[in-house]
Each structure stands twice: as structure tokens, then as C-alpha cells.
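Asker:
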Amino acid sequence: MQNQIKLFLSSICLLGALAACQSPAEKSDSSKSEFQEPALTEFASKAALGEHLVTIAGCHDCHTPKKMGPLGPELDMDRALSGHPALQPLPDLDRKDLESKGVAATQGLTAWIGPWGVSFASNITSDATGIGNWTEEQFFIALREGKSKGIASNRQMLPPMPYEMFRHMTDEEIKAIFAFLKSTRPVDNVVPEPLPPLSAPPQP
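Going left to right, the sequence shown walks through residues -19 to -1, 1 to 185 as mature numbering (1 follows the signal peptide of the UniProt record, and there is no 0) numbers them.
(1) According to DSSP, is Ser134 helix, strand or coil?
(2) Go to Gly95, then tell me how far its beta strand (DSSP E) extends in each direction, as first and last residue.
(3) Could you tell me the alpha carbon to alpha carbon distance between Thr165 and Arg148, rounded to whole angstroms?
(4) Take Gly31 and list the residues in its own chain whose beta-carbon comes closer than 6 Å to its own, dropping the five residues that flank it on each side.
(5) Compare the Cα-Cα distances from Leu90 to each of Asp57, Leu34, Met146 and Ser129 and report the closest residue.
(6) Which residues mark the beginning and the end of the beta strand (DSSP E) in which Ser55 is found?
(7) Check this for me: beta carbons of Pro105 and Ile112, under 7 Å apart or not?
(8) Which of helix, strand or coil does DSSP assign to Leu79?
(9) Does the separation of the CB atoms of Ser100 and Pro175 fall below 7 Å?
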């Protein structure tokens, strides 16, 4: 009986020693994961997280037309994320000169001129003229592969769309953004097709 008690006490001591010998790195990693894990629980829904990501990723910078406010240009939220206005003409600029110099010029930050020609910010609202008919798979192809309209056989998206950076978003982040965009107020706006450069772009 005494031998059994001694064996039991020895086992307790051994377990205590093993716990005390846990490396600082192991303890640190454990506490780190516990601290970081609840990060996304601040958002009430997937779409709410998507709205947050759209805001901090600067999507409004190009996809929302601007209007003049008391402090200068400001987002026109009545046309939020609807892209370049269909009937808005290009500014009266020397396109060929801008293209040859590799300078990007914008009007309302929705039209861009450079060596690639002229590109227009897309309508990404839930309207049929935006991404209303898109599937989630198309949205992944657009952000991960940079394909226009999320169709694998289409042309590459043009500057300034930063899909090279957006492709590093996690699956959950892309799904959340798609959920938010599908929930936006639809804005009927057929964005013009991009214009080719007036002259051959310079070779790298």
C-alpha cells in the first residue's frame, strides 16, 4: 500500500515538473492564438465584415463617383460603388501626350488614362449592370486572377485595379466582400468599355 502511495505522489510530482518546464515560446504561442482568434467576432454578419473591408481597402476611391463638397471632392454616396458614370465625358485632355508619358489622369477618380489607353471604374453594385448577376466563383476569378467580369477567358483587368494585392485576401474575406456587394443598393449604370491606346504602348 505504501509503495502505491509513493508511486502516486511521484507521478504527481513528475506532471508538475513537466508543466513547469513548458517553454516560454509554447506559452507565448498559446496566449497569442487566444488573443487573436476572436478578431472577426466584432462584425454582426458576413456582409458587415465585407462592408468594413470595402471601406479600408479603398474600393470607394475608384468605384464611387465624386461630387464637390465644402472641402473639395467627396464621395457621392447616392451613386456609391456604381463606377464611372455612363454619360460623363472624358476631360478635354491630350490623351496621346498623357499615354506616351505614362501619366494617369482621372476625372472624378473614375476614369484613368495611361499607356494602356483609358480604363473606367466598374459598377460593382448589386444591379444587373454591376455584379448583380455574378456568381461567387466569378468574383473569386476577378480578384484572384484579375480577369474582367470574373470570366477566365476574358482580358486582364486594367490599371488602377490592384488585383495583384487583392488576390492575397483570404477566402473568407473575399466571400464577405461579395456578400456585402450583393447587398448594396442597385445603381443602374452601364460603364463604358475601355479605350485602346492611341499609339502602341512602350515596350518594357
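Backbone N, C-alpha and C fix where the C-beta goes; we use that ideal spot for every residue, glycine too.
Answerer: Straight from the coordinates:
(1) coil
(2) Ala92 to Gly95
(3) 22 Å
(4) Ala157, Ile158, Ala160 and Phe161
(5) Asp57
(6) Residue 55 is actually Glu in this sequence, not Ser. Run containing Glu55: Gly53 to Leu56, per the beta strand (DSSP E) assignment.
(7) Here residue 105 turns out to be Ile, not Pro, going by the sequence shown. Contact flag set, yes.
(8) helix
(9) yes
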